[in-house]
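Residue numbers (our numbering), protein chains in the order written: chain A, -14 to 187; chain B, -14 to 187. Where is the CB? At the ideal position from N, CA and C, for every residue including glycine.
Number of protein chains: 2
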Amino acid sequence: MSKGLLIIISGPSGAGKGTVCKELMSMQLPDLEVSVSATTRKPRTGEVEGISYFFKNKEEFIEMINHNEFIEYAQVYDNFYGTPRSYVQNKLDNGKDVILEIDIQGAMQVKKNNPEGVFVFIMPPSFEELKHRIISRGTETQQDILKRLHEAYKEVCSSRNYDYIVINDDVHTAAEKVRSIITAEKCKLKRCKIDYDSYKEE
Amino acid sequence: MSKGLLIIISGPSGAGKGTVCKELMSMQLPDLEVSVSATTRKPRTGEVEGISYFFKNKEEFIEMINHNEFIEYAQVYDNFYGTPRSYVQNKLDNGKDVILEIDIQGAMQVKKNNPEGVFVFIMPPSFEELKHRIISRGTETQQDILKRLHEAYKEVCSSRNYDYIVINDDVHTAAEKVRSIITAEKCKLKRCKIDYDSYKEE
């Protein structure tokens, strides 16, 4: 069996990477799965262990960090989030394609140790649209918004470190593009195991 | 306007590259065109200058060779066939994606001077199927068939020089894969012209 693809879908907040991933998963491609993260935050109603997250307490999480058991992890306020290495590796070894939907910092951690991954940057269609999306969440002060816009600009610039850029002006078109990227990557010479001798007349 | 893609579709005879190209063109992708070759062979009934071929006499063709006006050309028995450079370049400059459906020798000529092209190898699904396709043409002696099979084996091995390998076990699936390759190539970082500064808050 050939190994699955590791696909990293990332981008600034407000680019819509979550919606693009959901749309992609609704296409039900064979062998495509979204990775499940580990977290120290408490389960919310309806969340299921091993499906929504792997729920860990802080001690367990820190031990996993110390044993290098994460492909990437981050602390967000009081909670830790991370992608368990063995979980992803198992899937890949079993021929599953695994999507990591993560932020830019996480993606850059993954790239360091998994350069064979396929790095896709979801780009907001324009600054105006990004601004609109950030503002329309409606929960932030003017200063917070400015800070987030500046952050987003820096993140947009980091797209230079990715393999592909998908502009998210329409979520279905963007998901179709990611689907095409996965199909094309599987056709790449380096990923095709051709048994040349089987084409030889005895 | 961004430049179009040069897509080279090649493979051994019997791999079905012609049928895959026809199927791809029937999908009517915007801005995708098949290149028109020049030839010294006489027009057949129904063939139209500039659509089927650019018909040239031998002197004209040889003058074009001497002026380096072909991306690739070949002599097949008494006739010459070639891809006119200016015709293709004009299309690309006008943002059209251009498909060259050519044999392995032609593809390798193209690669020398157009490494930015996207090189797709159409692979017969198996030796048995290739044999079946070559034999079922029914026009050749046992010796001719053996010679063609050996030729095909050598050509299969040359797929190592391509960017992508598309196995043609089903013509629609194969054409869909080529379509995905075109879509994915357009999302590649190096082909995306992002105006980073437009994402900067004034």
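Coarse secondary structure for residue i, derived from DSSP in three states
{"i": "Asp16 (chain A)", "result": "coil"}
{"i": "Ser(-2) (chain A)", "result": "coil"}
{"i": "Lys173 (chain A)", "result": "strand"}
{"i": "Gly80 (chain A)", "result": "coil"}
{"i": "Val191 (chain A)", "result": "Nothing can be reported for residue 191 (chain A): it is not among the residues displayed for chain A, which extend from -14 to 187."}
{"i": "Ile119 (chain A)", "result": "helix"}
{"i": "Glu86 (chain B)", "result": "strand"}
{"i": "Val73 (chain A)", "result": "helix"}
{"i": "Thr30 (chain B)", "result": "coil"}
{"i": "Ile179 (chain B)", "result": "coil"}
{"i": "Ile167 (chain B)", "result": "helix"}
N-terminal and C-terminal residue of the beta strand (DSSP E) that residue i is part of
{"i": "Gly192 (chain A)", "result": "The structure shown does not extend to residue 192 (chain A), since chain A is modelled only from -14 to 187, so the question has no answer here."}
{"i": "Gly67 (chain A)", "result": "64 to 69"}
{"i": "Tyr149 (chain B)", "result": "149 to 152"}
{"i": "Tyr58 (chain B)", "result": "55 to 61"}
{"i": "Val21 (chain B)", "result": "Unbroken run through Val21 (chain B): none, as it is neither H nor E."}
{"i": "Ile107 (chain B)", "result": "103 to 108"}
Proximal residues to residue i (C-beta, below 6 Å), its chain only, five neighbours per side dropped
{"i": "Gly67 (chain B)", "result": "Ala23, Phe55, Tyr58"}
{"i": "Ser143 (chain B)", "result": "Ile89"}
{"i": "Arg118 (chain A)", "result": "Gly(-1)"}
{"i": "Tyr38 (chain A)", "result": "Ser22, Thr24"}
{"i": "Tyr188 (chain B)", "result": "With chain B represented from -14 up to 187, any question about residue 188 (chain B) goes unanswered, as that position is not in the structure."}
Limits of the unbroken alpha helix (DSSP H) element including residue i
{"i": "Arg138 (chain B)", "result": "Before going on, a small fix: residue 138 (chain B) reads as Tyr here, not Arg. Residues 127 to 142."}
{"i": "Asn51 (chain B)", "result": "43 to 51"}
8 Å Cβ shell around residue i - same chain, five flanking residues per side excluded
{"i": "His157 (chain A)", "result": "Glu8"}
{"i": "Lys96 (chain A)", "result": "Ile(-7), Gly102, Phe104, Asn146"}
{"i": "Asn190 (chain A)", "result": "Nothing can be reported for residue 190 (chain A), as the shown portion of chain A is limited to -14 through 187."}
Close-in-space but distant-in-sequence residues of the same chain around residue i (CB under 7 Å, 5 per side omitted)
{"i": "Arg26 (chain A)", "result": "Asn64"}
{"i": "Gln90 (chain A)", "result": "Ala59"}
{"i": "Glu170 (chain B)", "result": "Leu(-10), Val103, Arg176"}
Residue from the options with nearest C-alpha to residue i
{"i": "Glu18 (chain B)", "options": "B:Gly31, B:Leu85, B:Asn42", "result": "B:Leu85"}
{"i": "Leu77 (chain A)", "options": "A:Glu101, A:Glu32, A:Lys132", "result": "A:Glu101"}
{"i": "Ile(-8) (chain A)", "options": "A:Asn99, A:Asn75, A:Gln127", "result": "A:Asn99"}
{"i": "Ser20 (chain B)", "options": "B:Leu(-10), B:Lys41, B:Gly1", "result": "B:Leu(-10)"}
{"i": "Thr168 (chain B)", "options": "A:Glu161, A:Arg118, A:Ser(-2)", "result": "A:Glu161"}
{"i": "Val151 (chain B)", "options": "B:Ser(-13), B:Lys(-12), B:Cys6", "result": "B:Cys6"}
{"i": "Val73 (chain A)", "options": "A:Leu134, A:Glu48, A:Gly35", "result": "A:Gly35"}
{"i": "Lys116 (chain A)", "options": "A:Tyr181, A:Glu125, A:Leu134, A:Gln127", "result": "A:Leu134"}
Counting only Cβ-Cβ distances shorter than 8 Å, please list the residues of the region 6 to 31 of chain A near chain B, keeping chain order. Listed in sequence order: no entries.
Contact residues within the region 147 to 174 of chain B, judged by C-beta distance below 9 Å to chain A: Taking 9 Å as the cut-off between beta carbons, the residues of the region 147 to 174 of chain B near chain A are Tyr147, Asp148, Tyr149, Ile150, Val151, Ile152, Glu161, Lys162, Val163, Arg164, Ser165, Ile166, Ile167, Thr168, Ala169, Glu170, Lys171, Cys172, Lys173, Leu174, in sequence order.
Short-range partners of chain A found in the region 127 to 146 of chain B, where Cβ spacing is below 8 Å: Answer in chain order: Leu131, Leu134, His135, Ala137, Tyr138, Val141, Cys142, Ser144, Arg145.
Going along the chain, which residues of the region 33 to 62 of chain A sit with their C-beta nearer than 9 Å to a C-beta in chain B? Listed by position along the chain: nothing, the set is empty.
Please identify, using Cβ separations under 7 Å, the residues of the region 84 to 99 of chain B that lie next to chain A, in order along the chain. Here the close residues number zero.
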